[in-house]
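The structure appears right after this line, and notes come after that.
2 protein chains.
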Amino acid sequence: MDTAIMEDYLKTIYELERERGPPVGTSAIADALSVTAPTATRMLEKLAEEDLLEREKYSGVELTEHGRAIALETIRHHRLLEAYLVEHLDYEWEEVHDEAERLEHHISEDFEERIASELDHPPVDPHGEPIPSADLEAPVEEDVEPLSAHKAGETVVIASVRERDAETLRYLEEEGIVPGRELTIVEITPVGTYVMECECDSRQLPESSADRIYVRSAAARSDAATEEVPGL
Amino acid sequence: MDTAIMEDYLKTIYELERERGPPVGTSAIADALSVTAPTATRMLEKLAEEDLLEREKYSGVELTEHGRAIALETIRHHRLLEAYLVEHLDYEWEEVHDEAERLEHHISEDFEERIASELDHPPVDPHGEPIPSADLEAPVEEDVEPLSAHKAGETVVIASVRERDAETLRYLEEEGIVPGRELTIVEITPVGTYVMECECDSRQLPESSADRIYVRSAAARSDAATEEVPGL
DNA sequence: GACCGGATTTAGATACGTCTAACTCTTAAG
DNA sequence: CTTAAGAGTTAGACGTATCTAAATCCGGTC
Chain A
6 MDTAIMEDYL KTIYELERER GPPVGTSAIA DALSVTAPTA TRMLEKLAEE
56 DLLEREKYSG VELTEHGRAI ALETIRHHRL LEAYLVEHLD YEWEEVHDEA
106 ERLEHHISED FEERIASELD HPPVDPHGEP IPSADLEAPV EEDVEPLSAH
156 KAGETVVIAS VRERDAETLR YLEEEGIVPG RELTIVEITP VGTYVMECEC
206 DSRQLPESSA DRIYVRSAAA RSDAATEEVP GL
Chain W
6 MDTAIMEDYL KTIYELERER GPPVGTSAIA DALSVTAPTA TRMLEKLAEE
56 DLLEREKYSG VELTEHGRAI ALETIRHHRL LEAYLVEHLD YEWEEVHDEA
106 ERLEHHISED FEERIASELD HPPVDPHGEP IPSADLEAPV EEDVEPLSAH
156 KAGETVVIAS VRERDAETLR YLEEEGIVPG RELTIVEITP VGTYVMECEC
206 DSRQLPESSA DRIYVRSAAA RSDAATEEVP GL
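These protein sequence lines are chains A and W, in that order. Using the working numbering, you'd call the opening residue of the first sequence number 6 and step up by one each time. Using the working numbering, you'd call the opening residue of the second sequence number 6 and step up by one each time.
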């Protein structure tokens with residue numbers, strides 16, 4: 006049996022593995038889910054018993070094949086829902102996260118298929134994140150890095166905006182910080198502000214945002230760079 | 006705080022009050038929800054504490070204003086979802102119940118409004134049941150009775166089909182037993198079979214189905230009889 | 001008016017997911 | 001090599017929702 010809460014843990018662990026690599030520590034998981042460390046420990050024990058992850062006491066966990074499949078299915082639900090809400094129900098990109106976060110655990114396989122085909126099987130969600138395919142293979146991650154890993158003078162293309170906060174997202178969209186946009190880093194100030202420039206205009210970002218904006222080099226720009234992001 | 010499970014209890018009590026009138030007994034609720042009587046007792050105590058219903062020990066419960074509002078909101082979600090699935094995601098009328106049953110507890114007010122307006126605020130769901138309005142006033146129930154309350158020779162119009170079983174629903178649709186259809190009862194056989202006739206054809210129904218098909222007299226037919234039922 | 005049967009409630013137990021408080025392990029510094 | 005800080009775990013508890021088994025209530029029958 007797997008519950009909505011187990012799905013949240015597995016999804017979170019998947020994302021942490023993606024960002025920092027396995028093994029993932031108990032506190033990182035607890036923080037991400039806003040629970041206490043003992044709560045996370047308990048749940049990790051349980052997930053390990055069900056062979057959804059491998060657990061090394063005092064060190065961390067790593068998803069098994071099976072655990073990863075459940076994580077990917079949950080993420081697929083989440084991102085398809087986000088895309089659907091934007092495309093068919095006029096949601097703005099900053100509004101979709103919370104709605105998708107609840108619904109992702111409760112839609113049927115059938116529902117998933119229907120919205121996927123209604124959307125014509127989009128490769129990415131409104132934030133530029135890849136939507137896992139129905140076979141639940143881990144998507145091949147593009148060669149992207151946070152904006153904050155780049156230096157002044159470099160020109161990059163925004164791949165995805167991994168920001169949750171609605172207000173920040175609304176601001177970023179207004180500023181044109183959306184997937185597909187090409188930007189040049191003009192300057193990184195001593196206080197960490199990123200001064201950016203695109204065709205038309207210049208804009209500034211604090212470092213905290215630069216951590217969550219993933220980009221690829223404009224040089225290494227592939228065809229994927231021109232993919233349409235639904236609804237934006 | 007109200008949970009998905011509390012919503013299910015309140016919704017069930019509302020439906021039982023609608024069909025049999027208050028007070029509603031513990032076992033009826035327990036049966037409808039497939040739980041044991043002690044489980045229902047416990048939950049009813051809790052709902053009474055939260056002033057969602059009035060409870061007379063050993064006798065039964067009756068929804069308060071507040072409890073009824075929650076029930077109606079849940080039912081509104083359910084029926085709007087059913088209508089949306091049929092209209093926009095190509096579901097058949099026998100497929101929508103289970104999907105809506107899960108999702109009804111997890112959609113936001115915002116989502117509710119968006120699908121309602123996308124559907125142009127339909128008055129009824131695909132089974133002909135009225136959709137409570139956003140202000141959560143109890144809908145004025147049309148003057149309908151089960152088909153099984155009628156006699157041979159009477160002509161009636163189907164108002165709603167309160168059947169859950171998918172296979173039965175598929176059969177009924179094939180047989181043209183859908184909301185809005187006018188039928189004449191040709192004969193009720195000694196074993197309870199209803200032999201029906203419409204413009205085109207004749208068909209038979211067991212009594213168990215006749216209990217769940219709600220009709221109004223063709224004589225008393227109002228304009229409401231010609232309401233479009235979305236997607237059928 | 002006592003009694004019986006069915007409905008209802010009480011009592012005690014379990015599983016899940018959470019908490020705080022206290023303890024233990026690992027690691028990096030000195 | 002020792003130790004202190006921080007990460008992780010154990011212990012004990014709580015609230016929700018469920019169960020089975022046992023006790024109790026209520027309405028109708030004789």
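Each residue gets a CB set at the ideal place from its N, CA and C atoms; glycine is no exception.
Query                                                                                                                 : Result
Given 8 Å, three or more beta-carbon pairs between the segment 119-127 of chain A and the segment 176-186 of chain A  : no
Cα-Cα separation, Thr160(W) to Val220(W)                                                                              : 10 Å
Within-8 Å CB hit, His102(W) to chain A                                                                               : no
Residues that Glu4(W) contacts on chain A, provided the C-beta gap is smaller than 9 Å                                : The structure shown does not extend to residue 4(W), since chain W is modelled only from 6 to 237, so the question has no answer here.
Of the residues Leu58(W), Gly65(W), Glu87(W), the one placed nearest Arg73(W), counting alpha carbons only            : Leu58(W)
Beta-carbon proximity check, Glu192(W) vs Ala157(W), cutoff 8 Å                                                       : yes
Contact set for Ala164(A): own chain, Cβ-Cβ below 7 Å, skip 5 residues either direction                               : Gly133, Glu147, Val149, Pro184, Tyr219, Val220, Arg221
Residue of Arg84(A), Glu179(A), Ala223(A) minimising C-alpha distance to Leu210(A)                                    : Glu179(A)
Any 3 or more C-beta pairs closer than 8 Å across the segment 89-98 of chain W and the segment 47-65 of chain W       : no
Contact under 8 Å by Cβ, Asp4(A) with Leu49(A)                                                                        : No statement about residue 4(A) is possible, as the shown extent of chain A runs from 6 to 237 and does not include it.
Helix, strand or coil at Thr46(A) according to DSSP, with G and I counted as helix                                    : helix
Buried or exposed (CB count within 10 angstroms, at least 16 for buried), Ile75(A)                                    : buried
Touch test, the segment 9-28 of chain W against the segment 195-205 of chain A, Cβ-Cβ under 8 Å, three pairs minimum  : no
Buried versus exposed call for Val162(W) [16 or more other C-beta atoms within 10 Å across all chains shown]          : buried
Closer than 8 Å to chain W by CB, Leu210(A)                                                                           : no
Neighbour-count burial assignment, Arg84(A), 16 or more Cβ in a 10 Å radius                                           : buried
Nearest-angstrom Cα separation, counted from Pro131(W) out to Thr17(W)                                                : 20 Å
Three-state secondary structure (DSSP) of Ala33(A)                                                                    : helix
Close-in-space but distant-in-sequence residues of the same chain around Arg260(W) (CB under 6 Å, 5 per side omitted) : In the structure as shown, chain W begins at 6 and stops at 237. Residue 260(W) is therefore absent and cannot be evaluated.
Host alpha helix (DSSP H) of Ile120(A) (start-end)                                                                    : 114-123
Cβ-based contacts, 8 Å cut-off: residues of the segment 164-184 of chain A near chain W                               : none
Chain-ordered chain W contacts of His83(A) [CB-CB under 8 Å]                                                          : Residues of chain W passing the Cβ test: none, with the nearest at roughly 13 Å.
Ile190(A) - DSSP class collapsed to helix/strand/coil                                                                 : strand
Cβ distance (whole Å) where Glu106(A) is taken to contact His82(A) below 8 Å                                          : Actually they do not touch by this definition, with Cβ atoms about 10 Å apart.
is_contact[His155(W), chain A] using C-beta, thresh 8 Å                                                               : no
Length of the line joining the Cα atoms of Ser213(W) and Glu168(W)                                                    : 10 Å
Nearest residue (CA-CA) to Tyr63(W), options Asp170(W), Val29(W), Leu86(W)                                            : Val29(W)
Cβ of His71(A) within 8 Å of any chain W Cβ                                                                           : no
Counted within 10 angstroms of its Cβ, other Cβ atoms place His102(A) as buried (16 or more) or exposed               : buried
Buried or exposed by the 16-neighbour rule on C-beta atoms within 10 Å, applied to Ser227(W)                          : Here Ser227(W) scores only 46 on pLDDT, less than 50, and its place in the model should not be relied on; the value that follows carries that caveat. With fewer than 16 other Cβ atoms within 10 Å, it is exposed.
Coarse secondary structure for Ala225(A), derived from DSSP in three states                                           : Note that Ala225(A) has pLDDT 45, beneath the 50 cutoff, so the model's placement of it is unreliable and the number below is only indicative. It is coil, neither helix nor strand.
Beta-carbon spacing of Val166(A), Arg208(A) below 8 Å                                                                 : no
Local conformation of Met6(W) per DSSP, three classes                                                                 : coil
Cβ of His111(A) within 8 Å of any chain W Cβ                                                                          : yes
Cβ distance (whole Å) where Val145(W) is taken to contact Ile136(W) below 8 Å                                         : Not a contact, Cβ separation roughly 13 Å.
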